[in-house]
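Trainee:
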Amino acid sequence: MTDFLTKYQIIFLGEGYMGANSQIIAIGAVTAALIAGFFSFLNLVISKEQKISEFRQDWINCLRSEIAQYVASIRFIAGANEIWNNDKTPTASTWQDHWKAMQIPYDNAARAFTSICLRLNPDELNSERVDVNKQFLVKLNEVRNLVRKDQYSEATVAADELNDLARPILKEEWNRVKSGERNYRYSRNGAAILLLLALIAVSILLAKQFGG
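For the sequence shown, our numbering gives the first residue as 1018, with consecutive numbering after it.
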């Protein structure tokens, strides 16, 4: 039956039809393979960049938590020490109680300070981001130095300013999570362009084949 149909096409439609039909099939197969390859590659990129976005979201959550812990610890230390400094009749017993009460906040502040410093890069490649990071880190060190100098009122004010400086950093990272990683955006746009070019190329070849 197949041989009969082939002979029928050759006799009534001509060998040119068979050649054109074979070319169309070949073009379709190549185009389908290219499109499948593009989407497979895009799927790999999306999976990888989605995992990076998840890590970035965890980074944001941890940084927010560490800043909150640091500011809260500084506030507690400043308030408790101001009360202690205003005590006119301190005793050895009250000093021991005060020192015990200070140990956990001091430890929390020191731990949060170190974690925050490790998370932020003062030499960020992004020129706008590097200024924001440096301002934040300068203020972070300022808060610590004020506490060391027993300037607790000033330390509390600086801690509030630290909160304000943290907002642009957290916002920018959140925007990066929402818009997707750079490689994902490039791959997504590149795949769309390549798909469009492939469709245009197929349309031109088909137009030449049947128009000629």
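Glycine residues also receive a C-beta, built at the ideal position from the N, C-alpha and C atoms. This one's a predicted model, so the numbers in the text were calculated from it and none came from an experiment.
Does the Cβ of Val-1155 have 16 or more other Cβ atoms within 10 Å, making it buried, or fewer, making it exposed?
Mentor: Exposed: under 16 other Cβ atoms inside 10 Å.
Trainee: Could you tell me the distance, in whole angstroms, from the CA atom of Ile-1091 to the CA atom of Asn-1103?
Mentor: For Ile-1091 and Asn-1103, the distance between alpha carbons rounds to 18 angstroms.
Trainee: Let me know the secondary structure DSSP gives Asp-1140 once reduced to three states.
Mentor: Asp-1140: coil per DSSP, three-state reduction.
Trainee: Under the three-state reduction of DSSP, which class applies to Asp-1075: helix, strand or coil?
Mentor: Here Asp-1075 sits in helix by DSSP.
Trainee: Check this for me: beta carbons of Ile-1094 and Met-1119, under 9 angstroms apart or not?
Mentor: Yes, these two residues count as a Cβ contact at 9 angstroms.
Trainee: Indicate whether Arg-1136 and Trp-1191 have their beta-carbon atoms separated by less than 9 angstroms.
Mentor: Not closer than 9 angstroms, so no.
Trainee: For Val-1147 and Ile-1133, what's the separation of their Cα atoms in angstroms?
Mentor: Each residue's alpha carbon lies about 15 angstroms from the other.
Trainee: Quick test of your reading: Leu-1080 and Leu-1187, contact by CB under 8 angstroms. State the CB separation rounded to the nearest angstrom.
Mentor: Rounded, the Cβ-Cβ distance is 7 angstroms, consistent with contact.
Trainee: Are Pro-1139 and Asn-1125 close, meaning C-beta to C-beta below 9 angstroms?
Mentor: Going by C-beta atoms, Pro-1139 is not nearer than 9 angstroms to Asn-1125.
Trainee: Assuming Tyr-1087 and Phe-1130 form a contact by the criterion Cβ under 8 angstroms, report the distance between their Cβ atoms to the nearest whole angstrom.
Mentor: Tyr-1087 to Phe-1130, Cβ: 6 angstroms. Contact.
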